[in-house]
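*Asks:* Protein chains in written order, with the working numbering: chain A, 1 to 46; chain B, 1001 to 1525.
The beta-carbon is built from N, C-alpha and C at its ideal position, and this holds for glycine as well.
Bear in mind that the values here come from a model prediction, so they are computed numbers and not experimental data.
I have a structure I would like to understand better, so I am pasting it below and will then ask my questions one at a time.
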């Protein structure tokens, strides 16, 4: 049987929540970074 | 997937009924149905706006609506079709099919799934109600370019808030799909054993997480420019309106692939089934999908060659855009090679999938023409562009959704749809979509600008033909709605496998698929 990420059932909920939070934070980081860079640019920064 | 052991639990389903069931459901099949019904409703709503546009353009001169309302129709049609029809339809298909295809009992985060869906009707209520405002709905185009969009009246904050909500819904849905695929595959299902539809959705979900926040950032900055005294994009305050275009298309081009990669996945499921052969070049399909996703991040400025950029920039974006033809060509080759010497039959899903391969490729070729920077100076903002992206999105994305609905409807409802009516729907759609959009290439090449309610008399004949095609296409979709409705109500009992050549976990569960499936994970051998 090929080992997959779903073999370890006991670890599933924690891993699911952890990856969901990380992905959500990544999305927020992209959102914040774009606004921050544009803010610095409009202030004559960059 | 050569061999599979599936186990089904046939226990009683205890869940609320009526409205409460649909409001509180955390079941992936219910939520998939909600997405698909919402998407069809938006498709008809956005389509009726397209018919207003085509009715006005039936003849030169101003006939039916004033130019301001015409602009509202073009803007709302695009926003509704992109965010309300195409995207939710693919999310609905993912909700229904991804857990079934990977042998998971549900999505990884079912409550989040419910929330992701119910944000959408709120967003489109906010957007739709602006049509009733004294100043009307947003009218600056779906691209929302400043400074024009900042002249929007009371509808502006509703537009911005609605776009934020659509983005939140998409990102939450994408997170759910990624964690489901990465964590809940059945034992034995390695990544390169996943069905192509699952693969294309995994890559699409990453695209969504990376680019929806960019759109959200852009519209947040529009909001603060209008109401909070900032000058992100206002030249008078030291801002740069062209920067908005760069940011918008950094989101906008991957968005195009968000709408087409799952369509590639659908077609890659259907063609092998009705060719009775395994998909040709599975691994290369996966790599081609990933390559297209990567390239989608480095081509954005081909949407704005005419805004002015250094020659090196024009060359970079021209050649990087043309590069996309390579992995796309790999896909088209693989679909054709799958059919080669296959025992093909032409049921409705296969007809829509075949039309997809032909007509999406036409849209791809006109895209290559538009990628040529010097030629784009002529084509930009003409009906040639309208013809190009409608070939990609209507006989491309929308036909793939229709193919998917016909393909999986028997699994969802337990009944076969009416094949005669399905084929009638296909032929009406396939002919009328070409009657609608093919002449738009000609008027575009001759210089007819887009988003203008009037035109020179030289364009009259082709516009009349296009409008007739649009009305036939639009009313044909009522037949689609009827076929789905009648199939849901009854019909010939579907077998578990449904299609003779179908292969995969979803075909091992009964038809209709029970409320709970794969409570015990199947073992893939």
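By a C-beta neighbour count over all protein chains shown, 10 Å radius and 16 as the cutoff for buried, is residue 1522/B buried or exposed?
*Replies:* As a first step, residue 1522/B is located in the second chain; it is residue number 522 there, counting from the start. Classification for residue 1522/B: buried.
*Asks:* Distance check for residue 1232/B and residue 1348/B, CA to CA, integer angstroms please.
*Replies:* As a working mapping, residue 1348/B is identified with position 348 in the second chain. As a working mapping, residue 1232/B is identified with position 232 in the second chain. The alpha-carbon atoms of residue 1348/B and residue 1232/B are separated by roughly 50 angstroms.
*Asks:* Which residues in the same chain have their Cβ closer than 6 angstroms to the Cβ of residue 1234/B, if we skip the five residues on either side of it in sequence?
*Replies:* Against the second chain, residue 1234/B aligns to sequence position 234. The residues are 1225.
*Asks:* Counting C-beta neighbours from all protein chains within 10 Å, is the total for residue 1429/B 16 or more, i.e. buried, or is it exposed?
*Replies:* Looking up residue 1429/B in the second chain gives position 429. Counting Cβ neighbours within 10 Å, residue 1429/B comes out buried, since at least 16 surround it.
*Asks:* With a Cβ-Cβ cutoff of 9 angstroms, do residue 1168/B and residue 1107/B count as a contact?
*Replies:* To locate residue 1168/B, count along the second chain from 1; it is residue 168. To locate residue 1107/B, count along the second chain from 1; it is residue 107. In this structure, residue 1107/B does not lie closer than 9 angstroms to residue 1168/B by Cβ.
*Asks:* Under a CB-based cut-off of 9 angstroms, is residue 1006/B close to chain A?
*Replies:* By one-based count along the second chain, residue 1006/B stands at place 6. Because residue 1006/B carries a pLDDT of 47, less than 50, the predicted location of this residue cannot be relied on, and no value is offered for it.
*Asks:* In angstroms with no decimal places, state the Cα-to-Cα distance between residue 1009/B and residue 1027/B.
*Replies:* Within the second chain, residue 1009/B is the residue found at index 9, counting from 1. Within the second chain, residue 1027/B is the residue found at index 27, counting from 1. Any reading at residue 1009/B needs caution, since the residue's pLDDT is 47, under 50, leaving its predicted position unreliable; the model's value is listed next. Roughly 16 angstroms between the two C-alpha positions.
*Asks:* So which of 1207/B, 1241/B, 1272/B, 1284/B has the shortest CA-CA distance to residue 1307/B?
*Replies:* If you number the second chain from 1, residue 1307/B lands on position 307. Per the Cα distances, 1241/B.
*Asks:* Take every Cβ of the stretch 1062–1074 of chain B, pair it with every Cβ of the stretch 31–46 of chain A, and state whether three or more of those distances are shorter than 8 angstroms.
*Replies:* no
*Asks:* Return yes when the Cβ of residue 1208/B is within less than 9 angstroms of the Cβ of residue 1173/B, no when it is not.
*Replies:* Taking the first residue of the second chain as position 1, residue 1173/B is located at position 173. Taking the first residue of the second chain as position 1, residue 1208/B is located at position 208. Yes; because the gap between Cβ atoms is below 9 angstroms, this pair is in contact.
*Asks:* Would you check if the distance between the CB atom of residue 34/A and the CB atom of residue 1146/B is smaller than 9 angstroms?
*Replies:* Start at 1 with the first residue of the first chain, and residue 34/A comes out as number 34. Start at 1 with the first residue of the second chain, and residue 1146/B comes out as number 146. In this structure, residue 1146/B does not lie closer than 9 angstroms to residue 34/A by Cβ.
*Asks:* Do you know how far the Cα of residue 1281/B is from the Cα of residue 1270/B?
*Replies:* Locating residue 1270/B in the second chain gives position 270, counting from the first residue. Locating residue 1281/B in the second chain gives position 281, counting from the first residue. Taking the CA atoms as reference points, residue 1270/B sits about 15 angstroms from residue 1281/B.
*Asks:* Would you say residue 1533/B and residue 1090/B are within 9 angstroms of each other, going by their C-beta atoms?
*Replies:* Chain B is shown from 1001 up to 1525; residue 1533/B falls before or after that span and cannot be answered.
*Asks:* In whole angstroms, what separates the C-alpha of residue 1322/B from that of residue 1299/B?
*Replies:* By 1-based counting over the second chain, the position of residue 1322/B is 322. By 1-based counting over the second chain, the position of residue 1299/B is 299. Distance between the alpha carbons of residue 1322/B and residue 1299/B is about 9 angstroms.
*Asks:* Excluding the five sequence neighbours on either side, which residues of its own chain have a C-beta within less than 8 angstroms of the C-beta of residue 1057/B, listed in chain order?
*Replies:* By 1-based counting over the second chain, the position of residue 1057/B is 57. Only 1453, 1455, 1463, 1466, 1467 meet the Cβ criterion.
*Asks:* Leaving out five residues before and five after residue 1024/B in sequence, what residues of the same chain have Cβ atoms less than 8 angstroms from its Cβ?
*Replies:* Here residue 1024/B refers to the residue found at position 24 when the second chain is read from its first residue. Answer for residue 1024/B: 1016, 1114, listed in chain order.
*Asks:* Using only alpha-carbon positions, find the residue among 1406/B, 1218/B, 1504/B that is nearest to residue 31/A.
*Replies:* Translated into positions along the first chain, residue 31/A becomes position 31. With distances taken between Cα atoms, residue 31/A lies closest to 1218/B.
*Asks:* Taking DSSP as the reference, what is the three-state secondary structure of residue 1498/B?
*Replies:* The residue given as residue 1498/B occupies position 498 in the second chain. It is coil, neither helix nor strand.
*Asks:* For residue 1186/B, which residues from the same chain have a beta carbon less than 8 angstroms from its beta carbon, with the 5 sequence-adjacent residues on both sides left out?
*Replies:* In the second chain, counting from the first residue as 1, residue 1186/B sits at position 186. Here the set comprises 1102, 1103, 1104, 1505, 1518, 1521, 1522, 1523, 1524.
*Asks:* Could you work out which residues of chain B lie near residue 40/A, taking near to mean beta carbons separated by less than 9 angstroms?
*Replies:* The sequence position of residue 40/A within the first chain is 40, counting from 1. Within chain B, no residue comes near residue 40/A; the closest Cβ sits about 11 angstroms away, beyond 9 angstroms.
*Asks:* Can you tell which of 1381/B, 1073/B, 1258/B has its C-alpha closest to the C-alpha of residue 1132/B?
*Replies:* The count along the second chain starts at 1 and reaches residue 1132/B at position 132. It is 1073/B whose Cα lies nearest to the Cα of residue 1132/B.
*Asks:* Give the DSSP-derived three-state secondary structure of residue 1522/B in the structure shown.
*Replies:* In the second chain, residue 1522/B corresponds to position 522, counting from 1. Residue state, collapsed to three classes: coil.
*Asks:* In the structure shown, what three-state DSSP assignment does residue 1152/B receive?
*Replies:* One-based indexing of the second chain puts residue 1152/B at position 152. DSSP places residue 1152/B in coil when its eight states are reduced to three.
*Asks:* Considering only the beta carbon of each residue, do residue 16/A and residue 1198/B sit closer than 9 angstroms?
*Replies:* Position 16 of the first chain, counted from the first residue, corresponds to residue 16/A. Position 198 of the second chain, counted from the first residue, corresponds to residue 1198/B. Not in contact: residue 16/A and residue 1198/B (Cβ atoms no closer than 9 angstroms).
*Asks:* Between residue 1030/B and chain A, is the shortest Cβ-Cβ distance under 9 angstroms, so that the two count as touching?
*Replies:* On the second chain, position 30 is the one that residue 1030/B refers to. No, its Cβ sits nowhere closer than 9 angstroms to a Cβ of chain A.
*Asks:* Taking a cut of 7 angstroms between CB atoms, which residues from the stretch 1085–1109 of chain B lie near chain A?
*Replies:* 1108, 1109
*Asks:* For chain A, check one thing: does any of its Cβ atoms lie closer than 9 angstroms to the Cβ of residue 1283/B?
*Replies:* Along the second chain, one-based indexing puts residue 1283/B at 283. Cβ-Cβ to chain A under 9 angstroms: no for residue 1283/B.
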